[in-house]
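Chains as they are written, first to last, in the working numbering: chain A, 381 to 978; chain B, 19 to 278; chain C, 296 to 457. To start, the structure itself, in structure tokens.
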Amino acid sequence: MQNKKTIFVCCGTGCQANGSMKIYQALLEAISGLNLKVEVVADIKKTGCHGLCQKGPLVHIAPQEITYIHVKTADVPEIIERSIIKDEVIDRLLYFDKQQNAKIQSKSDWTFEKKQYRIALRHCGGIANDSIDDYIAKGGYQALEKVLKTMTAQQVIDEIKKSGLRGRGGGGFPTGLKWTFAAKAQGDVKYVICNGDEGDPGAFMDRSIMEGDPHTVLEGMAICGYAIGANQGFLYIRDEYGLAVENMRKAIADAHSKGLLGENICGSGFAFDAEVVRGGGAFVCGEETSLIHSIEGSTGEPTPKPPFPANQGLWGKPTIINNVETWANVPVIINKGADWFASIGSEKSKGTKVFALVGKINNTGLVEVPMGIKLREIIYDIGGGVGKNRKFKAVQTGGPSGGCIPESKLDLPIDYDSLIAEGSMMGSGGMIVIDDRTCMVEFARYYLKFLSEESCGKCVPCREGIKSMLKILSDICEGRGQAGDIELLEQIGAMVKANSLCGLGKTAPNPVLSNIANFRDEFDAHINDKRCPAGVCKNLTKLYIDKEVCIGCGLCVKVCPVGAISGDKKQPHILDEAKCVNCGSCRERCAVDAVRVR
Amino acid sequence: MQIIINGKTYAANPGEKILDVARRNLVEIPTLCHSEALPGLASCRLCMVEVHESGRTQEVAACTYPVSDGMEVVTNSEMITAKRKILLALYNLIAPNSERIKGLMTRYHVKPFDRLQADAESKCILCGLCVKACEELGTNAISTLFRGTKKKIGTAFEQPAAECIGCGSCASVCPTQAIEMTEADGKRTIWDKTFDLQRCQDCGEYYTTPEALAHVRQKLGETVGNIEELQLCDYCKNRRTAEKLKDGLRLNELFAAKAK
Amino acid sequence: MSESLEISKESLEIAQKYQPKRRYLLAILQDIQKHYNYLPAEAMETVARYLNVPLVKVYGMATFYKAFSLTPKGKYIIKVCDGTACHIKGSVNLLAEIEAILGIEPGQTTDDGLFSLETVACIGACGLAPVAVINDEYHGNLTPASLRQILEQYQGGMEDAK
């Protein structure tokens, strides 16, 4: 009797950065070298993201359901010996769950997973990222077949409408309604586009889906093609996502070879083809009209809406553009039904949302939660809170288009409308946790600097408005803030929001305005007292070592790049303000929090 | 159909934009990048107005927003004018010497920012009219280059362009006179390229470059009558046309011939 | 054959892998960028002719998108991630360190052609923040001190500095 084991090695870009491909190779070599086929069939899959990126590289073994974290190539022989040939569990490679105060064998039992509900990420980590057979074995392409053989185009649209699915790229526009416009639009040539430009810094949800489960996106697009009358799809994937481009291209080729893309799909007579278009490196191309122009072979500069792409899009034809995560939800809705989908989430925001939970949080990674869950639950129950000795300050959502939600508002439910009411937005899913060591003024400036470089430059409100706001913020961060600056930022911000040509400009002031509203005291300290309370802005920070707290371990001396700290072993150390460049390395390194801000 | 602007009702045609109706009826909406010949740029964002339509209120650009029956437009609400002023003050930062912008600032009572410094050398507002003019009327010799605050208008490699015919369309549509075109001794220099100028057949003044002439000829085709008129400067062309029209008999004949 | 002519010939071959349609302009330029490590003027001229697209529009594309550079990039391309997670963990200090050691800012290449510096917004390795990628080698949990060591190894000719 064969003892079949499957090893799932996370080969998402994050874990690859940590060497997971070497682990995958080492496992392959070890297994083939041992000629185990008699006793054990070990199927090693390189998969997409498992979720808890903080603990990568991650390896999961079925059917025992063992999950190992922080795996190194050196661990491979032991894993083979004990967990593949035998059925043992290697305790030291297990995740120690602080909330349960125990080592947990399987990731499905981690506290991190408990409140999650994976729909868009349902296959990530559980199938080989380059295998259409794995996808089909999990029920892949059944939705497409169901649609082609048993549903009319109108029925498909009605089902998507009924589900309440809203665009996951950030806008939250009702997907079914958008498809209705395109279906009604005149013309026999229509297009379907996947927006895989994911430009928000700190966001990698779409990347993980495209890398780990490319077929779900293709299947969703083909279903839409049937519904609106389009036979050609384009997947616009940002230039920086090399692995996603590769995996998506392979997926398209594989789908073709199985008759699931191309002419006469499933013998139905319906034809749909897909092509990957690689982005050129421009955040603004995440905006739908810019994206369209980029595909057309021009610079990614937006054009006015109306007309909307659903009526006049790619090459002037009716076009549906949806985000990667939106596409990933479509096959599931068809298979399990709109009512099922609508039973998850909140009243106006149905289903789940994938978030990239990053920053000063203990459990960094990809999470998928039902809409309506409280922010507090994500930060503390799933995320495990902030690091020790640190205090939670805010969570940033919506990337450069969003805002910061402070501690006092953590009971906010995650849904499109609540976040907008709070001066932020859902955005594509980046969720960045910041602690008391982040300066909210500098943070606002960081986003504005990003946007000033990414603005296409076509319209004055965005191009010059952002530039002016950035100048004022830089002045504030560097000690040249003046009375009236906040009011001026608010006035210019209001104009940029209203007058900009596209979404980039219209949402650019959000991080600034949101931070001014929620952290006004920090701005006032910078302007009036020329002081940075968080100790980040170099010109406004003076560090010193608290003699009462310092234990004289000398770790700070080792990391100081300019030799500004001196002291004898076990004696309180001294920081020379004149030499200090405020890099903050000593603060980071100090185990007893002895480095303080004046 | 009808739309209402600032409380008054006006006739509108399907497919028109708010700005079309406003201009036709002499309702004032400021613009910088609008041109009858090169419409739809929508880059200056100065023409923003408030629109109430199907129970929704939004701020839209009048130059590209389509009219709908019963739509209500407000051009001068508190909301609109406050932002218009900030926008004009920003324009002043990037084109402080432009007569057109100075005029707009006076008209809308806008003071320059004292917190932010204008760039005394800057003239171009990057409205894109010149590029569009070169696309439609010229030879695609200039385009927008780079992006964001580094965006500029220029030729390929920012070197004198082989394609440039020296027609000067770009300079003539520019709302802030940002494109330098100099003429001296029978030569014209623009975008770092120097051209010979051709003389008008009637009055003998310099008026265009041979390259521009050849380009127009090529576009129009060699139809009868055009060739002569092309060799005339604008003034002489107008004068000749006026003379033709003065000849009423000829005009009646023309109309009669058309009616048959 | 002169170098100019050689580039024109080569880039035409690269372009001809695609049909001569405007929509392939981005992809062709990316292939050329990959081949030469920058976009030579002759290549852009060739592509403009092949696609029948105005040269200035090709140049406009080349200057708009970050994927392209008009001057050759260094042997080692350092990409410091300035995504939000890396930013709040001090990516700015890494950039300062690189400027101190190599004398270059983002977008620049050292005079000896050894290093080019770029910032990227989010590589997706947020668990390792702050991160820098040097020619596809990832270096995480960096401090200015550890980055200095790594750069010294590259300068010394060691490719695998991990």
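Glycine included, each C-beta is placed from N, C-alpha and C at the ideal position.
Q: On a CA-only basis, which of A:GLU858, A:GLU681, A:LYS730, A:MET628 is nearest A:SER511? Give me that one, please.
A: A:MET628
Q: Tell me whether the beta-carbon of A:VAL456 lies closer than 8 Å to the beta-carbon of A:PRO437.
A: no
**Q.** In DSSP terms, what C:LEU412 is bridged to
**A.** C:ILE373
Q. Looking at the C-beta of A:GLU676, does it have a partner C-beta in chain C at a distance below 8 Å?
A. Yes, A:GLU676 lies at the interface with chain C (some Cβ there is under 8 Å from its Cβ).
Q) Taking 8 Å as the CB-CB cut-off, is A:GLU727 touching chain F? A) Protein chains A, B and C are contained in the structure displayed, whereas chain F is not.
Q) If you compare alpha carbons, which of C:CYS376, C:LYS329, C:TYR331 is closest to C:TYR433? A) C:CYS376
Q: Would you kindly work out how many angstroms separate the C-alpha atoms of A:ALA410 and C:CYS417, rounded to a whole number?
A: About 34 Å.
Q: Report yes or no: is there a C-beta of chain C within less than 8 Å of the C-beta of A:CYS963?
A: yes
Q) Apart from the five residues just before and just after A:LYS526, which ones in its own chain have a Cβ nearer than 8 Å to its Cβ? A) If we look at A:LYS526 and ignore the five residues flanking it on each side, its Cβ neighbours are ILE714, ASN715.
Q) Are the beta-carbon atoms belonging to B:CYS185 and B:HIS127 less than 8 Å from one another? A) No, the Cβ-Cβ distance between B:CYS185 and B:HIS127 is not below 8 Å.
Q. Relative to chain B, which residues along the stretch 875–886 of chain A have a C-beta separation below 8 Å, given in chain order?
A. Residues of the stretch 875–886 of chain A with a C-beta less than 8 Å from any C-beta of chain B: MET875, ALA878, ASN879, SER880, LEU881, listed in chain order.
Q: Compare the C-beta of C:GLY355 against all C-beta atoms of chain B and say whether one is closer than 8 Å.
A: Using beta-carbon distances, C:GLY355 counts as an interface residue toward chain B, with a partner under 8 Å.
Q) Taking C-alpha atoms, which residue in A:MET805, A:ILE573, A:ALA523 lies nearest to A:PRO891? A) For the options A:MET805, A:ILE573, A:ALA523, the alpha carbon positioned closest to that of A:PRO891 is the one of A:MET805.
Q.
If you follow the beta strand (DSSP E) that A:ARG976 is in, where does it begin and where does it stop?
A. 975–977
Q | Nonlocal neighbours in the same chain, by C-beta distance under 8 Å from C:PRO528, ignoring five residues either side | A | Limits of chain C in this structure are 296 at one end and 457 at the other, which puts residue 528 of chain C out of reach.
Q: Determine the burial state of A:TYR521: buried for a count of at least 16 other Cβ atoms within 10 Å of its Cβ, exposed for fewer.
A: Residue environment for A:TYR521: buried (at least 16 other C-beta atoms within 10 angstroms of its C-beta).
Q.
I need the boundaries of the beta strand (DSSP E) containing A:ALA654, first residue and last residue.
A. For A:ALA654, the enclosing beta strand (DSSP E) begins and ends at 653–658.
Q | Secondary structure of A:PHE561, DSSP reduced to three states | A | helix
Q: Determine the contact status of B:VAL67 and B:ILE98, defining contact as a CB-CB distance below 8 Å.
A: yes
(Q) Could you check whether the Cβ of C:TYR345 sits closer than 8 Å to any Cβ belonging to chain A? (A) no
Q) Mind pulling the chain C residues with CB within less than 7 Å of B:LEU163? A) TYR354, GLY355, THR358
Q) In three-state DSSP terms, what is B:SER61? A) coil
Q.
Between which two residues does the alpha helix (DSSP H) holding A:THR907 run?
A. Reading off the sequence, residue 907 of chain A comes out as Ile, not Thr. Per DSSP, A:ILE907 belongs to the alpha helix (DSSP H) from 900–908.
(Q) Taking the alpha-carbon of C:GLU394 as reference, which of C:ALA343, C:SER303, C:PHE410, C:HIS382 has the nearest alpha-carbon? (A) Relative to the Cα of C:GLU394, the nearest Cα in the group C:ALA343, C:SER303, C:PHE410, C:HIS382 belongs to C:PHE410.
(Q) Starting from A:ILE714, trace the alpha helix (DSSP H) in both directions and tell me its first and last residue. (A) 704–716
Q.
So, under 8 Å CB-CB, A:GLY613 and A:PHE652 are touching, yes? Tell me the CB distance rounded to an integer number of Å.
A. 7 Å
**Q.** Of the listed residues C:LEU346, C:ILE327, C:THR341, C:SER303, nearest to A:SER678 (C-alpha basis)
**A.** C:LEU346
Q: Whole angstroms is fine: what's the gap from A:LYS847's alpha carbon to B:ARG63's?
A: 16 Å
Q: For the alpha helix (DSSP H) holding A:VAL747, just list the boundary residues, first then last.
A: Looking at the DSSP string, A:VAL747 is not in any alpha helix (DSSP H); the run it does join, the beta strand (DSSP E), is 745–750.
Q: Compile a chain-ordered list of the residues in the stretch 814–845 of chain A whose CB is closer than 9 Å to at least one CB of chain B.
A: LEU831, SER832, GLU833, GLU834, SER835, CYS836, GLY837, LYS838, CYS839, VAL840, PRO841, CYS842, ARG843, GLU844, GLY845
Q) What does B:ILE160 touch in chain C if you count any residue whose Cβ is under 7 Å from its own? A) At a beta-carbon threshold of 7 Å, the residues of chain C lying near B:ILE160 are VAL351, ordered along the chain.
Q: State yes or no: is the beta carbon of C:GLY452 nearer than 8 Å to at least one beta carbon in chain A?
A: no
Q) Relative to chain A, which residues along the stretch 362–377 of chain C have a C-beta separation below 8 Å, given in chain order? A) ALA362, PHE363, ASP377
Q.
Less than 6 Å between C-beta atoms, sequence neighbours within five positions excluded: which residues of the same chain meet that for B:ALA30?
A. MET19, ILE21, VAL39, VAL85
Q) Terminal residues of the continuous alpha helix (DSSP H) containing C:ILE445? A) 439–450
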